[in-house]
Amino acid sequence: MKAEAERRGYQKKMEAEKEREKPKPLSEKILLQNDVIFACKDIARNSLNYPDSFEVENTNSGIDNQNGKQIYYFTLDYSGVNAFNVRGTHTIECYGTIGDLSHSVTHKIFN
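Numbering-wise (the UniProt record's numbering), the sequence shown opens with residue 1 and increments by one.
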């Protein structure tokens, strides 16, 4: 009887520990930020004549309030080589609206 009670207590303890260790689902905000960052890097890499030469130089990100909406922005300074093997730097800004379920990303490229 005592052993059975101890076993049940141990099982409950192990189940509670498993529940605590379960990964928490990412928030909608974090998912949007990830989508903006990955899309921005993909667009930047694909804008180069030699995508394999892509290198991240600097990044900046934040949240801006515009017209009552929260906009997540990600600025990426990146570089790549041209046909003469000369490295050039470029800047791209990508934006996504927090709360937009489609996670659409807009961007501007500066040379």
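Cβ coordinates follow ideal geometry from the N, Cα and C atoms, glycine included.
What's the C-alpha gap between residue i and residue j?
i: isoleucine 37; j: cysteine 94; result: 8 Å
i: glycine 88; j: leucine 76; result: 14 Å
i: glutamate 28; j: isoleucine 92; result: 24 Å
i: glutamate 6; j: proline 25; result: 33 Å
i: alanine 83; j: alanine 39; result: 25 Å
i: lysine 41; j: glycine 99; result: 22 Å
i: asparagine 49; j: serine 79; result: 11 Å
i: lysine 108; j: lysine 18; result: 45 Å
i: threonine 59; j: phenylalanine 74; result: 7 Å
i: phenylalanine 54; j: proline 23; result: 33 Å
i: glycine 9; j: valine 105; result: 50 Å
i: glutamate 4; j: leucine 32; result: 49 Å
By Cβ distance, which residues of its chain are closer than 6 Å to residue i, with the 5 residues on each side in sequence left out?
i: lysine 69; result: Thr97
i: proline 51; result: Arg45
i: valine 56; result: Tyr78
i: isoleucine 43; result: His107
i: asparagine 111; result: His90
So the alpha helix (DSSP H) residue i belongs to, where does it begin and stop?
i: valine 56; result: Run containing valine 56: none in the alpha helix (DSSP H); it sits in the beta strand (DSSP E), 55 to 66.
i: phenylalanine 38; result: 28 to 46
Start and end of the beta strand (DSSP E) containing residue i?
i: valine 96; result: Correcting the residue type first, residue 96 is glycine in the shown sequence and not valine. Glycine 96 -> beta strand (DSSP E) spans 87 to 97.
i: phenylalanine 74; result: 69 to 81
i: histidine 107; result: 106 to 110
The segment 8 to 20 touching the segment 57 to 66, judged by at least three CB pairs closer than 8 Å:
Contact annotation: the segment 8 to 20 does not touch the segment 57 to 66, with fewer than three C-beta pairs closer than 8 Å.
Sequence ranges, alpha helix (DSSP H) only - wholly within the UniProt region "Disordered" (1 to 25), length at least 4:
The qualifying runs are 2 to 21.
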